[in-house]
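Enquirer: Read in order, the letters of the sequence shown are residues 2 to 293 in the working numbering.
For each residue, glycine too, the CB sits at the ideal point set by N, CA and C.
It should be emphasised that the depicted structure is a prediction, and the values quoted were computed from it without experimental measurement.
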Amino acid sequence: MSYVSPKDFTTKMIDAGEAKVFMATRDTLIRAFMAGAILALAAAFAVTVTVQTGQPIVGALLFPVGFCLLYLLGFDLLTGVFTLVPLALFDKRPGVTVRGMLRNWGLVFTGNFLGAFTVAVMMAVIFTYGFAMPPNEVGQAIGTIGEGRTVGYAEYGAAGMLTLFLRGVLCNWMVSTGVVAAMMSTSVSGKVIAMWMPILLFFYMGFEHSIVNMFLFPSGLLLGGDFSLGDYLVWNEIPTVIGNLVGGLTFVGLTLYATHARTGAARRPVLPVSDLPRDAAVPADTTPVGAR
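(1) Let me check understanding here. Comparing Cα to Cα, which of Ala36, Ser220, Met24 and Ala142 lies closest to Pro57?
(2) Does the segment 204-214 come close enough to the segment 122-134 that 3 or more CB-CB pairs lie under 8 Å?
(3) Quick one: Cα of Arg100 to Cα of Gly249, how far?
(4) Count Cβ pairs between the segment 208-219 and the segment 27-45 that sit closer than 8 Å; are there 3 or more?
(5) Along the chain, which unbroken stretches of the beta strand (DSSP E) at least 3 residues long are found entirely within the segment 88-148?
(6) Within 8 Å, do at least three Cβ pairs link the segment 173-192 to the segment 58-74?
(7) Hey, out of Ile127, Asp9, Leu88 and Ala36, whose CA is closest to Val22's CA?
(8) Along the alpha helix (DSSP H) that carries Trp197, what are the first and last residues, could you check?
(9) Between which two residues does the alpha helix (DSSP H) containing Arg214 stretch?
(10) Whose C-beta lies closer than 8 Å to the C-beta of Leu79 among residues of the same chain, with five residues either side of it excluded?
(11) Name the residue from Leu257, Met102 and Met184 whose alpha carbon lies nearest to the alpha carbon of Thr26.
(12) In three-state DSSP terms, what is Tyr258?
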């Protein structure tokens, strides 16, 4: 598997974040567009498999193929840059600024959305034969997902919003773990194996991924889902984006950076006198007699 040590792959994380800040605008948009499109196709595939087999675990087992492909092709997801780019800022890499970080996030968000939305339109056409008939079984399932994960949260008010936010946090904890896990190996097989489990986990558990939702919810709206654009933005996309940022940066980026890139000084053992070598000199007791 050609294992890479945590200290070394943490350095690779910081290097990757720095490179993304200085990437050309056209390259950032192209890579983000393709990442959003491939992940959207993987989501459509997973929903199709789930509907046809009636077994959600089968769809979850197969969904990571899209994530692995986009990672190996060098494309960028918003969830990944949320975790990697800030590390270059914390590490004080020359030229890396807050403005540069926000620029990268904005471009990747835009590219991801355009890619996911393009696939959403294509799949909506396929599910309805060019809107000439009602959506097929898979299209109806996507519409139901959109309803349950927007107005379904809204029914519970603040408790629903908290649940949505935490699902976003847990999602990018797992997704960013997959991104980092791929850096643990220098072989393709090792990268794929390391990525597969955390991506499977997030998808099967129903956690909220902002880019997957850029496909599912516009698709649901196009296919007649009973929710609005405002429902999608307020009761899913915006809280999910914030949750993804908190989850990836807090539980993956900062924790690895703090303990592997900025490792604390090791503690020295304090041995009792009985454990000292026999020929070791024992310090004389210099305490004044009157103070003993």
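Expert: Looking at the atomic coordinates:
(1) Translated into the one-based positions of the sequence shown, residue 57 becomes position 56. Out of Ala36, Ser220, Met24 and Ala142, Ala142 has the C-alpha closest to the C-alpha of Pro57.
(2) Segment contact: the segment 122-134 against the segment 204-214, fewer than three CB-CB distances shorter than 8 Å; contact not assigned.
(3) As a working mapping, residue 100 is identified with position 99 in the sequence shown. As a working mapping, residue 249 is identified with position 248 in the sequence shown. Cα to Cα, Arg100 sits roughly 20 Å from Gly249.
(4) Output reads yes: the segment 27-45 touches the segment 208-219.
(5) As summarised for the segment 88-148, there are no continuous beta strand (DSSP E) elements at least 3 residues long confined to that stretch.
(6) Note that the segment 58-74 touches the segment 173-192; at least 3 beta-carbon pairs, one per stretch, sit closer than 8 Å.
(7) For the purposes of this step, residue 22 is taken as residue 21 along the sequence shown, with counting starting at 1. It is Leu88 whose Cα lies nearest to the Cα of Val22.
(8) Looking up residue 197 in the sequence shown gives position 196. Segment Val189 to Tyr205, the alpha helix (DSSP H) holding Trp197.
(9) Counting from 1 along the sequence shown, the entry for residue 214 is found at position 213. A small fix is needed here, since residue 214 is Asn in this sequence, not Arg. From DSSP, the alpha helix (DSSP H) with Asn214 extends over Ser211 to Leu223.
(10) Residue numbering aside, residue 79 sits at position 78 when the sequence shown is read from its first letter. So the qualifying residues of the chain are Ala33, Trp106, Val109, Phe110, Asn113, Ser211, Ile212, Val242 and Asn245.
(11) Position 25 of the sequence shown, counted from the first residue, corresponds to residue 26. Selected option, being the one with the closest Cα: Met102.
(12) Mapped onto the sequence shown, residue 258 falls at position 257. Reduced to three states, the DSSP call for Tyr258 is helix.
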